[in-house]
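Just below is one structure, and these are the notes that go with it.
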DNA sequence: AAGTGGTCTAGACCACTTG
DNA sequence: AAGTGGTCTAGACCACTTG
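Chains as they are written, first to last, in our numbering: chain Y, 323 to 555; chain Z, 323 to 555.
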């Protein structure tokens with residue numbers, strides 16, 4: 323079995339990603355660009371990109387292009403939890419502090435996750451949730467305006483963003499990734515943790531039947547909170 | 323988005339399998355047969371069969387033909403992750419280093435999780451897994467001796483603990499928790515991270531039909547690895 | 001020799017997003 | 001209007017397995 327042309331192209335693009343020359347969400351050469359560069363037909367270049375899509379290395383959007391995917395490896399299963407219910411189920415008092423609720427010009431990672439152009443406006447909320455006055459979750463949420471036009475008019479002390487969104491834009495799909503980060507100055511302030519303390523970062527893209535609704539970043543003090551997942555086979 | 327021709331063909335073949343007209347190992351119509359039957363080009367028929375291959379519905383052998391695959395045991399989205407497969411799916415090289423494989427006297431947390439008394443002996447493995455020579459998972463596993471008597475005799479360079487355990491003690495239930503920790507000296511050594519770097523800690527209790535099998539601690543460099551979970555509702 | 005799947009070409013039309 | 005990815009065509013050569 324000799325090495326095929328599409329494998330050569332696949333390996334080339336993969337090496338760009340692995341060498342760090344292309345980072346998450348960076349644009350990957352298009353089918354036409356690769357076809358010209360490697361002197362192959364577009365279908366062959368396409369096959370290379372398609373195999374990278376299948377491997378989860380890139381994502382593709384018609385009309386826009388192909389992009390390096392977010393790091394993600396495993397697929398475990400996680401319940402979508404309602405933090406207010408979880409706290410109350412323990413017999414504790416749940417409360418929230420809304421730090422920001424405003425319009426925001428998406429850029430960088432946030433824009434790319436939401437498939438927006440740099441500078442497009444989204445709704446933004448910055449809220450900390452407490453369990454008996456101890457901060458347990460810092461929630462930053464970027465919401466598409468056309469999907470949830472009344473987002474800024476809500477009182478998120480009365481109802482969590484999760485509950486409100488579940489009502490106005492019922493979930494159809496959720497993609498989450500979980501990583502660990504060291505607390506920066508802002509996290510120290512919001513969550514009352516020690517500088518550099520390990521925290522859980524859950525990034526979540528939620529979709530309704532009408533498409534993407536929101537991108538959320540949920541940060542938990544690592545030592546104060548565990549995410550649970552269980553399944554029976 | 324209209325229904326494409328290859329989807330029509332895919333659906334047709336799939337319905338034959340689901341209706342039981344084609345059983346495991348039965349021959350599926352060839353690319354040429356389908357192309358003629360549906361009046362499409364061979365490439366379009368091929369795309370339909372290829373998508374069935376990707377879904378695990380059929381297998382294909384050059385020169386022989388396409389055949390209905392053996393019964394699938396897929397638990398849909400509740401996949402328990404196999405790190406070796408995940409790495410290889412990206413086209414990367416997977417390798418492992420076994421640091422310890424020995425008997426160990428359980429105590430504290432480990433004993434409690436396994437419902438043992440303090441000081442009872444279990445089998446213990448300490449292994450680091452690499453993605454292209456970059457450490458991505460440090461796995462410490464505590465295994466009940468009576469459930470897996472031959473655990474210490476295995477070569478976990480050839481087969482991961484996950485694969486071995488899946489074979490000798492099929493999973494019946496899994497309970498995981500995920501938290502964030504700051505890297506201690508041992509983690510720095512095993513995972514080649516910076517001291518205090520945030521890492522993901524996945525703790526997992528696995529059970530077979532005969533009861534608890536093992537307790538595992540899986541530690542991932544936080545910045546180098548994300549756990550992904552996605553579900554469609 | 002005839003049939004199979006694997007790769008590849010050089011075109012085409014389309015829906016969609018961006019300047 | 002130009003670029004993107006998605007689908008599709010009608011050919012081609014190939015390696016491989018089977019009668």
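Don't be surprised by glycine CBs; every beta carbon is placed ideally from N, CA and C. Treat the numbers as computed from the prediction; the structure is a model and nothing was measured.
Once the 5 residues before and after residue i are set aside, which same chain residues still bring their CB inside 7 Å of it?
{"i": "residue 339 of chain Y", "result": "379, 390"}
{"i": "residue 440 of chain Z", "result": "429, 433"}
{"i": "residue 396 of chain Y", "result": "A caution first: residue 396 of chain Y carries a pLDDT of 43, below 50, which makes its placement in the model unreliable, though a value can still be read off. Result list for residue 396 of chain Y: empty, nothing under 7 Å."}
{"i": "residue 493 of chain Y", "result": "528, 530"}
{"i": "residue 409 of chain Y", "result": "416, 453"}
{"i": "residue 345 of chain Y", "result": "390"}
{"i": "residue 467 of chain Z", "result": "443, 444, 445"}
{"i": "residue 435 of chain Z", "result": "527, 537"}
{"i": "residue 542 of chain Y", "result": "458, 459, 521, 522"}
{"i": "residue 337 of chain Y", "result": "none"}
{"i": "residue 354 of chain Y", "result": "364"}
{"i": "residue 495 of chain Y", "result": "529"}
Name the two residues that bound the continuous alpha helix (DSSP H) containing residue i.
{"i": "residue 354 of chain Y", "result": "353-359"}
{"i": "residue 483 of chain Z", "result": "483-490"}
{"i": "residue 331 of chain Z", "result": "327-340"}
{"i": "residue 366 of chain Y", "result": "364-376"}
{"i": "residue 430 of chain Y", "result": "430-435"}
Starting from residue i, follow its DSSP beta bridges and name the residues at the other end.
{"i": "residue 525 of chain Z", "result": "Z:499, Z:539"}
{"i": "residue 423 of chain Y", "result": "Y:447"}
{"i": "residue 456 of chain Y", "result": "Y:453"}
{"i": "residue 530 of chain Y", "result": "Y:533"}
{"i": "residue 520 of chain Z", "result": "Z:504"}
{"i": "residue 349 of chain Y", "result": "Y:389"}
{"i": "residue 416 of chain Y", "result": "Y:453"}
{"i": "residue 557 of chain Y", "result": "The question about residue 557 of chain Y has no answer here: the residues shown for chain Y are numbered 323 through 555."}
Excluding the five sequence neighbours on either side, which residues of its own chain have a C-beta within less than 6 Å of the C-beta of residue i, listed in chain order?
{"i": "residue 438 of chain Y", "result": "428"}
{"i": "residue 450 of chain Y", "result": "419, 457, 460, 512"}
{"i": "residue 401 of chain Z", "result": "Note on residue 401 of chain Z: pLDDT 44, under 50, position unreliable in the model; the coordinate value appears next. Result list for residue 401 of chain Z: empty, nothing under 6 Å."}
{"i": "residue 370 of chain Z", "result": "328, 331, 332"}
{"i": "residue 348 of chain Y", "result": "390"}
{"i": "residue 394 of chain Z", "result": "Because residue 394 of chain Z carries a pLDDT of 44, less than 50, the predicted location of this residue cannot be relied on, and the following value inherits that uncertainty. Hits under 6 Å: 378."}
{"i": "residue 479 of chain Z", "result": "418"}
{"i": "residue 510 of chain Y", "result": "517"}
{"i": "residue 422 of chain Z", "result": "448"}
{"i": "residue 497 of chain Z", "result": "527"}
{"i": "residue 381 of chain Z", "result": "389, 391"}
{"i": "residue 486 of chain Z", "result": "476"}
Under 8 Å by Cβ, that's how I've got residue i and residue j pegged, so tell me the actual separation to the nearest angstrom.
{"i": "residue 374 of chain Y", "j": "residue 367 of chain Y", "result": "Actually they do not touch by this definition, with Cβ atoms about 11 Å apart."}
{"i": "residue 530 of chain Y", "j": "residue 491 of chain Y", "result": "4 Å"}
{"i": "residue 470 of chain Z", "j": "residue 535 of chain Z", "result": "7 Å"}
{"i": "residue 352 of chain Z", "j": "residue 387 of chain Z", "result": "6 Å"}
{"i": "residue 539 of chain Z", "j": "residue 462 of chain Z", "result": "5 Å"}
Within its chain, find whatever has a CB closer than 8 Å to the CB of residue i; leave out the 5 residues flanking it on each side and keep chain order.
{"i": "residue 363 of chain Y", "result": "357"}
{"i": "residue 405 of chain Y", "result": "416, 451, 458, 459, 482, 484"}
{"i": "residue 545 of chain Y", "result": "519, 520"}
{"i": "residue 502 of chain Z", "result": "520, 521, 522, 523, 544"}
{"i": "residue 365 of chain Z", "result": "none"}
{"i": "residue 324 of chain Z", "result": "none"}
Which two residues bound the contiguous beta strand (DSSP E) that contains residue i?
{"i": "residue 512 of chain Y", "result": "Element bounds for residue 512 of chain Y: not the beta strand (DSSP E) but the alpha helix (DSSP H), 507-513."}
{"i": "residue 383 of chain Y", "result": "380-383"}
Check whether the stretch 444-457 of chain Z touches the stretch 415-428 of chain Z, counting contact only when three or more Cβ pairs, one atom from each stretch, lie closer than 8 Å. yes
Three or more C-beta pairs closer than 8 Å, one from the stretch 514-521 of chain Y and one from the stretch 509-524 of chain Z: is that the case here? yes
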